[in-house]
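First comes the structure, then the notes that go with it.
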Amino acid sequence: MFLQGLSEKVNSFDAKDKFSLLEINIELLEPSSNNFYGIREIDELSESIKEQGLLHNLVVREKEGKYEILSGERRYHALKKLGVKKVPCKVQRNLSDIDSEVLLIEANARTRELTPSEFMRGISRLEEIYKDKKSNGEQIEGKTREAIGKVLGKSGTQVGRYQKINKKLSEDLKEDLDKDKLTVTQAEIISNLKPQEQKEIAKQIKNLDPKESKEEISILIEGIKQPVEKKRDKELLKEIYPEPKPKDKKHKTTKFAFENKEQLQTIQELCEDMVRTLKSMLPKKGQKWTEFDHEVKGQYDAFDLMRITLRDYGYSDGLVFEMPLIDSEED
1 MFLQGLSEKV NSFDAKDKFS LLEINIELLE PSSNNFYGIR EIDELSESIK EQGLLHNLVV
61 REKEGKYEIL SGERRYHALK KLGVKKVPCK VQRNLSDIDS EVLLIEANAR TRELTPSEFM
121 RGISRLEEIY KDKKSNGEQI EGKTREAIGK VLGKSGTQVG RYQKINKKLS EDLKEDLDKD
181 KLTVTQAEII SNLKPQEQKE IAKQIKNLDP KESKEEISIL IEGIKQPVEK KRDKELLKEI
241 YPEPKPKDKK HKTTKFAFEN KEQLQTIQEL CEDMVRTLKS MLPKKGQKWT EFDHEVKGQY
301 DAFDLMRITL RDYGYSDGLV FEMPLIDSEE D
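Residue 168 in the UniProt record's numbering sits at position 168 of the sequence shown; the count goes up by one each step and never skips.
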């Protein structure tokens, strides 16, 4: 029997007494009303459980005489389809409604292949949750974007990319992203365009031959990529290197400290991205250099230096990093 052996874990408790392992009547299990993720491929999952067994327990919490499913709703539907009466579950204790919802979002993000829209909806909900937590006086370690990244298993930079797409990309193009007609990178580039320009791109994508769509879209994106990236680079530079105060303009370097290892990792990833982007913007061999190209080269050198230095330093408590100011001028 594919559930054989799991009954031995019934009524066992972990050392911290935060959860128990129980076999629960399937009729007592209820999907969470907070679960907005799609329930897909149940037939395939049923066959997998039938052949290999249930590899992971459901995660639930007791609620009003029943058990709310926090992780494993697809498994629940698959087991029900197989006619299973008792289901091995990890019963979480002393979880608030908010913490239960965070656990549900985390479990789906880490164990399932989500559509970009589902992933972005999870980010939006976590933003709301952390905003409420802060307004209630609860301390959140680091920036909200980094806290969300920890829950989802992503860096703060990756979370920021999805936030930008969710905020600026048209609904038609979000559908194309979910249908794998666009990559996340392409979607981020397009999100910089005006609504009317995005509408035109969505129309072009719709009219493409499905067999040639990916290649055609890549050509289309390359046509808008460079001007968009130039604008994005300037925005990123302003975010990382704020304009120095007048009294600091005579200095050619600036100092800042990393609060934690995650912040360091975020900056490292951003440096890697910027180095790649700026390098791709430089003129090819034999091409004439413009004033703007020399500016890009200066930015490239600065980010490359920062990337190498961060790699060599690593992280230690209270690490203070000194970095040349870009475009700084003598008084």
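We treat Cβ as the ideally placed atom computed from N, Cα and C, and that holds for glycine.
All values derive from a computational prediction rather than experimental measurement.
Tell me the DSSP bridge mates of residue i?
i	result
K89	Looking at the sequence shown, residue 89 is not Lys but Cys. DSSP output for C89 lists L22 and L58 as bridge partner(s).
Y67	L29 and E62
Going by C-alpha distance, which of the options is nearest residue i?
i	options	result
V159	G83, D178 and T185	T185
K167	K179, G298, D180 and P195	P195
K63	I190, I123, Q92 and R307	Q92
R161	R74, M120 and D178	M120
Y300	L278, I129, K284 and G286	L278
residue 383	A109, K206, W289 and G149	Since the first and last residues shown for the chain are 1 and 331, residue 383 lies out of range.
R307	K285, E291 and Q265	Q265
R125	E138, Q139, Q52 and G149	G149
N192	Q163, V275, E269 and K179	Q163
L104	K285, F303 and V60	V60
T95	Q268, F19, E262 and D178	The sequence given here has Leu at residue 95, not Thr. The shortest C-alpha separation from L95 is found at F19.
Y76	I24, E127 and E295	I24
T111	E73, D180, E47 and G65	E73
S280	I129, E47 and V296	V296
I267	F303, D178, Q52 and E51	F303
V275	G65, E262 and L305	L305
What is the residue span of the beta strand (DSSP E) that residue i lies within?
i	result
I129	First-last for I129: P116 to S135, but that is the alpha helix (DSSP H), not the beta strand (DSSP E).
Is the beta carbon of residue i sitting closer than 8 Å to the one on residue j?
i	j	result
residue 334	D293	Here the chain covers residues 1 to 331 and nothing more, so residue 334 does not appear.
L182	C89	no
A202	D176	yes
Q204	S170	no
I49	L29	no
E188	I165	yes
V87	I26	yes
A107	G122	no
L208	C271	no
Could you check if residue i belongs to the surroundings of the ligand SAH, using beta carbon to heavy atom distance under 7 Å?
i	result
D304	The ligand SAH is not part of the structure shown, which contains no ligands of any sort.
From what residue to what residue does the alpha helix (DSSP H) around residue i run?
i	result
E188	V184 to I190
L152	T144 to L152
S48	I42 to Q52
E113	Where E113 is concerned, there is no enclosing alpha helix (DSSP H), given that its DSSP letter is neither H nor E.
L79	E73 to K81
K168	G156 to K168
P195	P195 to K206
L177	E171 to D178
Original post:
Contact between the segment 105-117 and the segment 140-147: three or more CB pairs below 8 Å?
Top reply: no
Original post:
Does the segment 68-83 touch the segment 148-168, meaning 3 or more C-beta pairs lie closer than 8 Å?
Top reply: no
Original post:
For the 8 Å Cβ check, are there 3 or more pairs between the segment 52-64 and the segment 124-139?
Top reply: no
**OP:** Answer yes if the segment 38-55 comes into contact with the segment 63-70, meaning at least three C-beta pairs across the two stretches below 8 Å, and no otherwise.
**Re:** no
Subject >> Touch test, the segment 91-105 against the segment 29-40, Cβ-Cβ under 8 Å, three pairs minimum >> reply: yes
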